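Below is one structure, written out as structure tokens; comments come after it.
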Amino acid sequence: MAESAKSSASIPPVSLARRLTDVLVTASAAGAVLLVLLPLIAIFAYLVYKGIGSINWAFLTQIPKPVGESGGGMANAIGGSVYILLIASGLGVPIGIGAGIYLSEYGRNRFGNLIRFTADVLNGVPSIIVGIVAYGLVVLTQGHFSALAGGVALAIMMIPTISRTSEEMLLLVPQAIREAAYGLGVARWRTTLSITLKTASSGVITGVMLAFARVAGETAPLLFTAFGNQYWNWKLNQPTAALSLQIFNYAISPFDEWHRQAWAGALILIILIVLSISAVRMAASRGMLKGAS
Amino acid sequence: MGVGIQVEKLNAWFGKTQALYDISINVMANHATAVIGPSGCGKSTFVRCLNRMHEVIPEARAAGRVRIGEIDVYNGTSAVQVRRRIGMVFQKPNPFPTMSIYDNVAAGLKLNGFRNRKQLDEIVHRSLTYAALFDEVKDTMHKKSGASLSGGQQQRLCIARALAVEPEVLLMDEPCSALDPISTGKIEELIFQLKEKFTIVIVTHNMQQASRVAEFTGFFLLGKLIEFDKTEKIFTTPSDKRTEDYITGRFG
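Residue numbers (our numbering), protein chains in the order written: chain A, 1 to 293; chain B, 1001 to 1252.
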């Protein structure tokens, strides 16, 4: 006891100024967190406030009523959004991850740098322009506005985010892990798929989810690709409703009821995004082992 | 059973820098051979050339003749085939972090398409027993990640993983340098038993370790093999002045 008292006496006490600085810095960090969360909470709260009143069974199960009739819902738009996002993910996720694998495992050269640069530029291209590209590529060749065109437009927007985040995540996997697999006589492609990609999977999934969440609410690239539809459509080559388009159309309409439905649609869209991200996260963490890093 | 290794005029480069010069050596089957030398002398590069791990590094290449048993490593054999017959244990334990302990040991077989569940169980059991790890992990090997073990256990796990594919040669690149003395002791003991079934080449910084586990020792300096002889001879009456200087601690 005496010894510890002596040793603590030899260290000068922490000055008031230092303790004050400590409190101030901690408080400002906490304040910054609040500032980040505030808009998110505000948006969500406002959406719930404006939209919850119009959400009912009919809204979720019926298609829009003709102009002038009240009631109806956005079932076809909800279904259409899910459909278009499935097409976009089906195209964008494998291509994006594939490009990420190329960049991290084989692309340490000038061609790789070119792809990296292109991906970064593509990331910054305005979404309306991506829509025009999909219009030229798919709509004009098919002769129709279509679900496929909408999916292609969103996939083009997903690819750069997914490939760049996948690349970064794969590069974080230590070389020693790859060498361990090579040392066992595992071929390179097998090592990449079964060892490197698996080790990086949680980071790669985060990248995919980021890209997904970003395109899920996009309106501009769908304007002249998926186009929107007042009825159900599950055909690849036909115009398809989407929540974001429906919200846009209703929001600029002159009818109060449509405004209310637009709010409800926005709330549903956010809930869908949150649900799908949590579902993927849960599915991904189910296979996790104790002590895995 | 282990097989012998004959190396003739092996040269290796990193880009334009030459790392090994005309190495010729004869490694006896079912014995342990130690490779010693100061840092940067090429001893790791040497063992990595034996199973063609050297060429994994960008711009690294090797030339020369390496025969392991009846296979010609650099002629008419693919790197993958070579590595299936030559196991490797690395300096830092490197278990696959997303796999269970069981899957880590089974990885080499599973990833090469081996599917027989019952035989797999047997091989994993046997390999873990060989590596003196089975008793410590038998209850948790399906549930816990390989990365959850202690450093010494991880290294024994890596040895078990290498043994599971039933190689003829086991290369160990400073397998104990990241371990405490107790774990080191366990692994040295292991090397003694493994010699009965495998040919072992071990790189080590620790000269006592070389004298404890190996019958033969090669001394490397600046990319050249200075002396290769019975361990006893190297450590008592080396024929080269540089070997003597190194083992008596005058440099390195």
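Don't be surprised by glycine CBs; every beta carbon is placed ideally from N, CA and C. Being a predicted model, the structure only gives us computed values, none of them experimental.
Once you ignore the five residues that flank residue i on each side, which residues in its own chain have a CB closer than 7 Å to its CB?
| i | result |
| --- | --- |
| lysine 1283 of chain B | Nothing can be reported for residue 1283 of chain B, as the shown portion of chain B is limited to 1001 through 1252. |
| tryptophan 258 of chain A | Tyr250 |
| valine 130 of chain A | Ala153, Ile156, Met157, Pro221 |
| proline 1095 of chain B | Asn1104, Gly1146, Ala1147, Gln1154, Leu1157, Cys1158 |
| glutamate 1244 of chain B | Pro1238 |
| isoleucine 97 of chain A | Ile162, Ser166, Val204 |
In the DSSP assignment, what are the bridge partners of residue i?
| i | result |
| --- | --- |
| arginine 1067 of chain B | B:Gln1006, B:Asp1072 |
| valine 36 of chain A | Per DSSP, none; premise fails for valine 36 of chain A. |
| asparagine 237 of chain A | Asparagine 237 of chain A pairs with nothing; no bridge assigned. |
| asparagine 1026 of chain B | B:Gln1006 |
| alanine 1034 of chain B | B:Ile1202, B:Thr1217 |
| threonine 1017 of chain B | B:Phe1014 |
| methionine 1088 of chain B | B:Leu1171 |
| phenylalanine 224 of chain A | DSSP output for phenylalanine 224 of chain A lists no bridge partner at all. |
| proline 64 of chain A | A:Gly72 |
| serine 1100 of chain B | B:Ser1145 |
So, for residue i: in the same chain, excluding its five sequence neighbours on each side, which residues have a beta-carbon less than 6 Å away from its beta-carbon?
| i | result |
| --- | --- |
| asparagine 237 of chain A | Gln142, His144, Ser146 |
| serine 276 of chain A | none |
| arginine 1083 of chain B | Asn1051 |
| phenylalanine 248 of chain A | Thr219 |
| serine 285 of chain A | none |
| glutamine 1006 of chain B | Asn1026, Arg1067 |
What residue does the alpha helix (DSSP H) around residue i start on, and which one ends it?
| i | result |
| --- | --- |
| isoleucine 1200 of chain B | Premise fails: isoleucine 1200 of chain B lies in the beta strand (DSSP E), 1199-1203, not in any alpha helix (DSSP H). |
| isoleucine 298 of chain A | Absent from the structure is residue 298 of chain A, since the part of chain A shown begins at 1 and ends at 293. |
| threonine 165 of chain A | 147-172 |
| arginine 1048 of chain B | 1043-1050 |
| lysine 1138 of chain B | Per DSSP, lysine 1138 of chain B belongs to no alpha helix (DSSP H) and is neither H nor E. |
| glutamate 218 of chain A | Where glutamate 218 of chain A is concerned, there is no enclosing alpha helix (DSSP H), given that its DSSP letter is neither H nor E. |
| glutamine 246 of chain A | 243-251 |
| isoleucine 115 of chain A | 110-124 |
| threonine 191 of chain A | Careful: threonine 191 of chain A lies outside any alpha helix (DSSP H) and carries neither H nor E. |
| glutamate 1055 of chain B | No alpha helix (DSSP H) holds glutamate 1055 of chain B; DSSP gives it neither H nor E. |
I'd like the list of long-range same chain contacts for residue i, defined as Cβ closer than 8 Å, with 5 residues on each side in sequence excluded.
| i | result |
| --- | --- |
| glycine 71 of chain A | Ala58, Gln62, Lys65 |
| threonine 1237 of chain B | none |
| proline 1097 of chain B | Ser1145, Gly1146, Ala1147 |
| isoleucine 84 of chain A | Ala147, Gly150, Gly151, Leu154, Leu222, Ala226, Thr240, Ala242 |
| leucine 1221 of chain B | Gly1037, Pro1038, Cys1041, Arg1242, Tyr1246 |
| phenylalanine 224 of chain A | Gly131, Ile132, Tyr135, Val139, Phe145 |
| lysine 1230 of chain B | Glu1215, Phe1216, Thr1217 |
| tyrosine 1102 of chain B | Val1124, Met1141, His1142 |
Does residue i come out as helix, strand or coil in the three-state DSSP assignment?
| i | result |
| --- | --- |
| glycine 1218 of chain B | strand |
| leucine 91 of chain A | helix |
| lysine 1241 of chain B | helix |
| proline 1095 of chain B | coil |
| alanine 1060 of chain B | strand |
| serine 293 of chain A | Caution is warranted here: a pLDDT of 48 is assigned to serine 293 of chain A, below 50, making its placement in the model unreliable, and the coordinate value is therefore given only provisionally. DSSP places serine 293 of chain A in coil when its eight states are reduced to three. |
| alanine 2 of chain A | Its pLDDT being 47, under 50, alanine 2 of chain A is placed unreliably in this model, and the value from its coordinates should be taken loosely. The answer is helix: DSSP assigns alanine 2 of chain A an H, G or I state. |
| serine 1150 of chain B | coil |
| serine 10 of chain A | helix |
| lysine 1110 of chain B | helix |
| glycine 72 of chain A | strand |
| serine 1078 of chain B | coil |
| methionine 1207 of chain B | helix |
| tyrosine 49 of chain A | helix |
| glutamate 1166 of chain B | coil |
| leucine 197 of chain A | helix |
| valine 186 of chain A | coil |
| cysteine 1158 of chain B | helix |
| serine 1177 of chain B | coil |
| threonine 1248 of chain B | coil |
| glycine 107 of chain A | coil |
| glycine 265 of chain A | helix |
| phenylalanine 255 of chain A | coil |
| glutamine 230 of chain A | coil |
| glycine 79 of chain A | helix |
| arginine 1115 of chain B | coil |
| alanine 17 of chain A | helix |
In the DSSP assignment, the beta strand (DSSP E) including residue i goes from what residue to what residue?
| i | result |
| --- | --- |
| threonine 1184 of chain B | Careful: threonine 1184 of chain B lies outside any beta strand (DSSP E), inside the alpha helix (DSSP H) at 1181-1194. |
| isoleucine 1226 of chain B | 1224-1230 |
Closer than 6 Å: is that where the CB of residue i sits relative to any heavy atom of the ligand NAP?
| i | result |
| --- | --- |
| arginine 1126 of chain B | The ligand NAP is absent from the structure shown, which contains no ligands of any kind. |
What distance in whole Å lies between the Cβ atoms of residue j and residue i, which are believed to be in contact at a cut-off of 8 Å?
| i | j | result |
| --- | --- | --- |
| leucine 184 of chain A | valine 1165 of chain B | 6 Å |
| alanine 1162 of chain B | leucine 1149 of chain B | Not quite, the Cβ-Cβ distance comes to about 16 Å (not below 8 Å), so this is no contact. |
| valine 121 of chain A | leucine 1111 of chain B | Not quite, the Cβ-Cβ distance comes to about 38 Å (not below 8 Å), so this is no contact. |
| alanine 1160 of chain B | alanine 1131 of chain B | 4 Å |
| leucine 103 of chain A | glutamate 167 of chain A | 4 Å |
| threonine 1334 of chain B | alanine 1029 of chain B | Residue 1334 of chain B is absent from the model: chain B starts at 1001 and stops at 1252. |
| threonine 1017 of chain B | valine 1201 of chain B | Not really, about 23 Å apart at Cβ, beyond 8 Å. |
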